[in-house]
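Residue numbers for the sequence shown follow the working numbering, so the first one is 92 and each next one is one higher.
Note that beta-carbon positions come from the ideal geometry of N, C-alpha and C, so glycine has one too.
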Amino acid sequence: MVLKTDLYIDGEWISGTGSLPVYDPSNGEIIAHVATADDSQCEAAIDAAYRAFSPWAKTAPRLRSEILRKAFEIMVSEADQIAELISKENGKVFSDARGEVLYAAEFFRWFAEEAVRTPGDFRQAPSGDKRILVTHQPVGVSLLITPWNFPAAMATRKLGPALAAGCTVILKAASETPLTALYIVDILHRAGVPGGVVNFVMPAKSGPQIAKMLHDPRVRNLSFTGSTEVGRILIREAAECVVRTSMELGGNAPFLVLEDANIDEAVKGAMIAKMRNGGAACTAANRFVVARKVAPEFIEKFTATMSALKVAPGMTEGAQLGASVSVKERNKIAELVDNAVTAGATVELGGKIIEGTGAFYPATVLTVDKDNPILRHEVFGPVAPIVVFDTDEEAIAIANDTEYGLISYVYSSDLARAMRTAEAIESGMVAINRGVISDPAAPFGGVKQSGLGREGGFAGIHEFLETKYIGVEI
Ligand code: NAD
């Protein structure tokens, strides 16, 4: 596989003015050097996206749809090699990486289908003599910023709707995982996206350079996925120029096991909700909230299943838990666990860094009180704190005791009880008796400090469309 490592501006691969190393976190070796952009190259990307905007916005939706469909097909046919690339630069195991590629490709397929279905509205005004015509137009040049944990899916979840809507884009990937994003940009190039419609830059210094880009009046939209901390900085920057923003931020998902839950099913769901991506998912179950009556059985079965996971570099046959994305991220996980233990957590499993090369942390289970500090942080690793509750009201109060509100999980054999609980929890998504519900056809997003806006579903394309009202006198 020939890796793409240059900047991509106006349909051309261009050398950077600097470079940054990309590491394999399972052994610390450098995989590649990726080009970084200075201010003038970031500006050249805006120039190209701005020039391409009007022609792209006027392209037949059917053509935009066909290009996205082609990108979907290329991505699926090259799934194994993209998965290998993800596994290498991110550390996750190959099976997770392959699952991510197929999920990521679905955003191209879904938005290929949405491109030709943008709804409008035509009505008689209440006064009777006027007509209200509502149409949608692409917002304009959009800046897309993605995190390292799903390097393929977080890019396609933005690229798909942006291109379907008729926007042109500048993509900036996380510095830990740019190679996957570059591969996807190359897929779009091969699928026939015209020059300037998609651009890729890796600013040498994200903070000041992205801020400068946001202050360029030609940039009209910012779609960001990442931490709440960085999201807040970008919302402040965007406010200065009233740039429209979509924010997919951090999570602190509660996983509720009510007393009538099927425990074997709950353990199966818990393993997916916690361990997909080695726990590095905004949707990862971060707090297990378990009814006292079933807690001993759940803790025993869940801990046994966690302890059986094979920890190994992502490309090793049978690996189930790979490396964290970097030693720095792994050490953050270790610090959160150490602080939890100091605050009184009991370690049921794991809890100590795996020494040696590679950023490995073991599957860890803790039992904690409901005021343990770990319950207030997004752990982003294979760590499962479990807290016990007595009444459903108490479980809901624990679930809502966080600044985040992305997703929650509820296990119960009584659908009405699960539904009542789901409606009382403050989160943008709730999974009932399922360990994963991410679906390109469903609206993904959070409430509270987990973000603004939705990606996927019918809502996703509207993050890249403006509503225009045309009033008509007849
Ligand atoms: P991060 O916020 O550190 O970085 C995200 C992106 O922002 C990266 O590309 C990074 O280079 C860039 N960035 C960092 N500082 C910046 C600045 N000052 N200006 C502009 N860009 C800047 O997040 P991360 O560590 O890459 O990813 C993990 C976080 O992402 C977690 O909090 C996770 O919950 C969140 N996430 C959320 C979702 C969601 O859909 N809600 C999905 C995946 C990940």
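Whole-number beta carbon distance between residue j and residue i, since they are thought to touch under 8 Å
i, j, result
"Gly107", "Gly287", "Incorrect: roughly 19 Å between the Cβ atoms, too far for contact."
"Ser314", "Glu554", "6 Å"
"Glu485", "Thr458", "Incorrect: roughly 16 Å between the Cβ atoms, too far for contact."
"Val456", "Leu270", "Between Leu270 and Val456 the Cβ distance is about 33 Å, and since that is not below 8 Å, they are no contact."
"Ala375", "Lys365", "6 Å"
"Glu157", "Asp115", "The pair is not a contact, with the Cβ atoms about 37 Å apart (cut-off 8 Å)."
"Ala295", "Gly109", "5 Å"
"Met245", "Gln172", "The pair is not a contact, with the Cβ atoms about 19 Å apart (cut-off 8 Å)."
For residue i, the three-state DSSP class (helix, strand or coil)
i, result
"Asn630", "The first residue shown for the chain is 92 and the last is 565, placing residue 630 beyond what the model contains."
"Ile516", "coil"
"Arg222", "strand"
"Asp129", "coil"
"Asn377", "strand"
"Lys183", "coil"
"Asp171", "helix"
"Arg467", "helix"
"Asp212", "strand"
"Val192", "helix"
"Ile566", "The question about residue 566 has no answer, for the chain in this structure spans 92 to 565."
"Thr482", "coil"
"Lys149", "helix"
"Pro116", "coil"
"Thr63", "Nothing in the structure corresponds to residue 63, since the chain is present only between 92 and 565."
"Thr458", "strand"
"Glu104", "Rather than Glu, the amino acid found at residue 104 in this sequence is Trp. Trp104 falls in the strand class under three-state DSSP."
"Leu497", "coil"
"Lys263", "strand"
"Leu176", "helix"
"Ile565", "coil"
Alpha-carbon spacing of residue i relative to residue j, whole angstroms
i, j, result
"Val348", "Val284", "47 Å"
"Lys401", "Asp130", "45 Å"
"Gly447", "Thr407", "17 Å"
"Arg508", "Ala550", "28 Å"
"Thr259", "Gly342", "29 Å"
"Val474", "Trp239", "19 Å"
"Lys149", "Leu159", "16 Å"
"Phe535", "Tyr502", "20 Å"
"Leu254", "Leu273", "17 Å"
"Ala611", "Phe199", "Coverage of the chain is limited to positions 92 through 565, which leaves residue 611 absent and any answer about it impossible."
"Tyr495", "Arg378", "12 Å"
"Ala265", "Ala425", "22 Å"
"Ala371", "Ala216", "50 Å"
"Pro387", "Pro453", "22 Å"
"Ile261", "Ile565", "43 Å"
"Gly547", "Ile523", "20 Å"
"Arg222", "Gly562", "6 Å"
"Val538", "Leu250", "23 Å"
"Ala52", "Gly435", "Residue coverage of the chain in this structure runs from 92 to 565, which leaves residue 52 outside it and unanswerable."
"Leu466", "Gln300", "35 Å"
"Arg327", "Asp351", "45 Å"
"Asp530", "Met520", "11 Å"
"Ala139", "Asp307", "13 Å"
"Ala203", "Ala256", "10 Å"
"Gly409", "Phe185", "9 Å"
"Phe451", "Ser415", "6 Å"
"Leu224", "Met338", "29 Å"
"Ala126", "Glu469", "31 Å"
"Tyr560", "Gly211", "10 Å"
"Leu176", "Asp481", "46 Å"
"Ile445", "Gln228", "52 Å"
"Leu543", "Pro476", "28 Å"
"Gly360", "Glu514", "20 Å"
"Val207", "Val289", "20 Å"
"Met304", "Glu267", "21 Å"
"Trp104", "Ser297", "20 Å"
"Ser34", "Glu169", "With the chain running from 92 to 565 in the structure shown, residue 34 is simply not present."
"Val428", "Gly231", "44 Å"
"Thr226", "Pro152", "14 Å"
"Ala135", "Ile100", "7 Å"
"Gly369", "Val418", "14 Å"
"Leu325", "Ala302", "8 Å"
"Arg421", "Trp147", "43 Å"
"Leu85", "Val321", "This structure gives no information on residue 85, because the portion of the chain shown stretches from 92 to 565."
**OP:** Tell me the start and end of each unbroken alpha helix (DSSP H) in the stretch 273-329 that is at least 4 residues and wholly inside, in chain order.
**Re:** Qualifying alpha helix (DSSP H) stretches, in chain order: 297-305.
**OP:** Output the residue ranges of the alpha helix (DSSP H) runs that lie fully inside the stretch 500-562 and measure 4 residues or longer, sorted by chain position.
**Re:** Entirely contained in the stretch 500-562, the alpha helix (DSSP H) runs reaching 4 residues are, in chain order, 506-515.
Original post:
Considering only residues of the stretch 392-440, which uninterrupted alpha helix (DSSP H) runs meet the minimum length of 4 residues and lie entirely inside it, listed in chain order?
Top reply: Secondary structure within the stretch 392-440: the alpha helix (DSSP H) runs of 4 or more consecutive residues, fully enclosed, are 418-433 (chain order).
**OP:** Run through the stretch 327-375 for me and flag every whole beta strand (DSSP E) of 3 or more residues, listed as ranges in chain order.
**Re:** Positions of the beta strand (DSSP E) runs, each at least 3 residues long and wholly inside the stretch 327-375, are given as 335-339, 344-348 in order along the chain.
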